[in-house]
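Going line by line, the protein sequences match chains A and B. Be aware that the first sequence starts at 16, since it is given in the working numbering, and climbs by one per residue. Be aware that the second sequence starts at 289, since it is given in the working numbering, and climbs by one per residue. Just so it is clear, CB atoms sit at the ideal spot from N, CA and C, and this is done for glycine as well. This one's a predicted model, so the numbers in the text were calculated from it and none came from an experiment.
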Amino acid sequence: MSKIYLDHSATTPVEKSVMDAMMPYFREIYGNPSSIHSFGQEAMAGVDKARTEVAKFLNAEPGEIIFTSGATESDNLAVKGVIKALRQKTKNPRPMHVITSLVEHDAVLKPCMELEKEGVEVTYIKVKPNGVVDLEHFKESLKDNTILVSIMWVNSEVGAVMPIREIGKIIRKRNEERERNWKKLGPKERGERPEPVYFHTDATQAVNFFSCDVKWNYIDLLSLSGHKIYGPKGVGALYRRTGVPLSVLQNGGHQENGLRSGTLNTPGIVGLGAAIAALDKESQEKNNKKIVVLRDLFVDGVIKNVPDAVLNTDRKNSTPSHAHFSFLGVEGESILMSLDLSGIAVSTGSACASGSLKASHVLIAMGIKVEVAHNSIRFTFGKHNTEDEIRRVIDELPPIIKRLRDMNPLYKK
Amino acid sequence: MIYTEKVMEHFKNPHNQGSIPDADAVGQEGNPVCGDVMKVYLKIKNDVIADIKFETLGCAAAIAVSSAMTDMAKGKTLDEVMKMTKDDIVNDLGGLPVQKVHCSMLGVDALHQAIKKYRTGK
C-alpha cells in the first residue's frame, strides 16, 4: 500500500531540480563564501545568484535579502530587531506599541509576548469567523506610538489569506498623515521626525501560491522559508526594505552586512534560490489550479460521506491547498493516528499530538468552541498529490470517523 | 512512533469496548472541553468484576488506556481494583509519552468512581 502525504503545510519534499542545484555545493564548491580566495568566491557566486532570485520573486533588491535559518529566525529578527533598533536610535524612547493578530504563528506571538514583558504595548487583532483579520479592529488599534505591525500573509492552520495590501495601504496612509502633521508644526515645537509604522508579514505559507510583491503590498519586512516551497529545510530569508531600522540579534563574523552573523549555509541558500526561482507566475497558476481541484474534490467528498463534518477553511478566502475540518465527537489525534495506520499523513490543529493539551489558539480566535477545536484535522494538498489518492482518502475516512464516534459515550448514535 | 506497539494494538483493536445496558455501576470522568471523556460500565458478582465495558472520547492513548484497564480489572475483586493505580496501566502498556499520562489517571478515576458509587448504593 503506497503512502499518501497530505501535510504540505508542515513541509514539502525537495524538488529534484532544487536538489540537483544544491549538490555541487556540498563536495565541490565547498568554500566558505566569506573567504576571499577562489574557493570562497565560487561559493559566494551561488549565494549571490540565490539572493537575486529571492529578490526578483519579491520585487526587491538583492541587498534587501538577509538569509537566515528559516522563517522562525526571520520572524524573531524582524519583530525584536526593529524594536531594539528603535530603542537604540533615540535617547529617550517613548512607550512603543506593536500590533499583531491573535492567529499568528508562535514565532511572532512569543517574541511579541517577550516585548510585552519589556514594557512594549501589544494589541492582538481579532479575526472574523473565517480566520481573516478584522480590518476595522486593525484600524481602530493604530495609535500615535504604533511602530510595528506584524500580520501573517496566510494562516498555516486553516489557510485564511489576510488582506495584506489593504493593511499595507492603511499603514501607508497613516504614515503620510503622521508626516504631514509633523511638518505643520513649527521647527521649535515639532521635535524629532516621527518614526513611521513598519509593516512585517510572515509569508511562509503564501510564497508557494501567491506573488508576494513587497512594493505593490507596501511591505517593509517579510519572512519566508525554504522547505514550504519544495526547497530544503534549515534555510529562510528576511526581506528588509532599505532604511528600515533593524538591530542585530546574532553577533559574530559580520555575514549578511553584519545583520545575521554565522557562516552561510551555501547548499541551503542555493536550494532556496532554486526553489523560489521555480515559482514564476505561470507555474504558480498551473499548480494552484491543479491543487484546488484536488482540494475541492476532497472537501465535497468528505461533506457528502461524513456526517457532522464542519469545514473551517473558507474556500473563497484561502490557499488552494488547505482543507481544515472539525469532525464532531471525535478527538483529532485519534483520527490522525488512524489515518496514519492507513498510510495517510495529516496534521491536527488541536495540539494534543504536539505536546500541549491546549486547543488551537487559531480556532479559538475564530470563535470555534473548545470542545469542537479538539475535533480538528488539517489536510494540506501539494502539487504531487493525485486524484486517485484523494479518492482513496475519501473512502478510508468515513469508517475511521464512525469507529471512533461509536466509542464516544457522548456522541448521539 | 510516539506510542509503544502495545498502545497501538489496543488502539487498533480495543478490548471490552461498548456499553452494558443493565450495568451494576457506571463511572464517568473527563470533559469534552479538555478533549477526553471515559465511561466505565461494570457487572459485579460477589464483589468480583464479572464484566466490564468502556466508552471513550479521546486520543489514541486514552483509548488504549481504557482497553488495557478493562483487561486488568476483569475478574478481579473490588478491593484489588481499588488498589490499581495509573502506573499499573502505564507499565502494562510499556509506557506512555509524558503529556499523555493524564489519560491513564482518567481511566483509573472513572473505574474507582464506579466502584465507590456501587458501594455507597448510588
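Using beta-carbon distances, T365(B) does not count as an interface residue toward chain A, since no partner is under 8 Å.
Contiguous alpha helix (DSSP H) elements confined to the region 272-333 of chain A occur at 281-292, 296-320, taking only those with 4 or more residues. Taking a contact as a CB-CB distance under 8 Å, the pair F396(A) and R310(A) counts as one, their CB atoms being some 5 Å apart. In this structure, DSSP gives R256(A) a state outside helix and strand, which the three-state scheme calls coil. Residues of the same chain with their beta carbon placed closer than 7 Å to that of S50(A) are lacking, with the five preceding and five following residues left out of the count.
Cβ-Cβ distances below 7 Å link G61(A) to Y40, I44, T281, V285 in the same chain, with the five nearest sequence neighbours on each side left out; the list follows chain order. In the displayed model, Q316(B) falls within a strand according to three-state DSSP. In the DSSP assignment, M326(B) forms a beta bridge with E317(B), T344(B). Taking the CA atoms as reference points, G344(A) sits about 20 Å from H376(A). V317(A) and N302(A) have their C-alpha atoms spaced approximately 22 Å apart. Taking all protein chains in view, the Cβ of T161(A) is crowded by 16 or more other Cβ atoms within 10 Å, so the residue is classified as buried.
Listed by position along chain A, the residues whose Cβ is nearer than 8 Å to that of K327(B) are P424.
Neighbours of M16(A) in chain B, taken as residues at a C-beta separation under 8 Å, are lacking, since the least C-beta distance is about 15 Å. Distance from V142(A) to V118(A) at the Cβ level is roughly 5 Å; contact confirmed, criterion being Cβ atoms closer than 8 Å. Within the region 328-402 of chain B, the complete alpha helix (DSSP H) segments at least 4 residues long are 348-361, 366-370, 374-380, listed from N- to C-terminus. The C-beta of T344(B) comes closer than 8 Å to at least one C-beta of chain A. The DSSP-derived three-state label of H337(A) is strand.
Taking 8 Å as the upper bound on Cβ-Cβ separation, chain A lies near no residue of the region 352-384 of chain B. At a beta-carbon threshold of 7 Å, the residues of chain B lying near L356(A) are K300, ordered along the chain. In chain order, C347, A348 make up the part of chain B whose C-beta sits under 7 Å from the C-beta of E348(A).
Chain B places no beta carbon closer than 8 Å to that of H339(A), leaving this residue out of the contacts.
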